[in-house]
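Position 82 of the sequence shown, counted from 1, bears residue number 211 in the working numbering, the numbering being contiguous throughout. Beneath this line is the structure, given in structure tokens, with notes to follow.
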Amino acid sequence: MLAFIIILVIVMVAFHIAGMIIKQFVKLIMLGWVDSIGGALLGLLVGALLATAVLIAVGKWAAGVGATGVEETIGNSTLAELLMDSFRFLLLLLPDRFEVVREFFA
130 MLAFIIILVI VMVAFHIAGM IIKQFVKLIM LGWVDSIGGA LLGLLVGALL ATAVLIAVGK
190 WAAGVGATGV EETIGNSTLA ELLMDSFRFL LLLLPDRFEV VREFFA
């Protein structure tokens, strides 16, 4: 366990230092706008994945406890449909050892 923590800290510090160096290089060659746009796109992707996972989990929970109207509300949402379709595609990209995750979100 201690070895894992030590390796984790070393990797985190190394990536932090590498990130600072890359950020300075990007500023030096005046591509800061690329950094900002890339960060925004990555944030949008992560937010969409989290929102989709929450939508699916709420839908499954509502079905399990017998709540009415939740699945219909989610089903009538255009944005939810788009997010869920994209999420299902991403689930197909997971390796076989994540079959439990695929089954939960199926």
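Idealized CB from N, CA, C, for every residue including glycine. Nothing here was measured: the structure is a model prediction, and the numbers come from that model.
Assignment of Thr197 by DSSP, reduced to helix, strand and coil, places it in the coil class.
The segment 171-187 and the segment 147-159 do not touch, with fewer than 3 CB-CB distances between them shorter than 8 Å. Taking 9 Å as the cut-off, the Cβ atoms of Phe233 and Lys189 count as close. Taking a contact to require three or more Cβ pairs closer than 8 Å, the segment 200-211 and the segment 132-151 do not qualify as touching.
Each residue's CA atom was taken as its position, placing Val230 and Ser165 some 32 Å apart.
For Ile136, the uninterrupted alpha helix (DSSP H) segment begins and ends at 131-157.
The shortest C-alpha to C-alpha distance from Val187 to any of Trp162, Gly176, Gly167, Ala209 is the one to Ala209. DSSP places Leu160 in no alpha helix (DSSP H); its state is neither H nor E.
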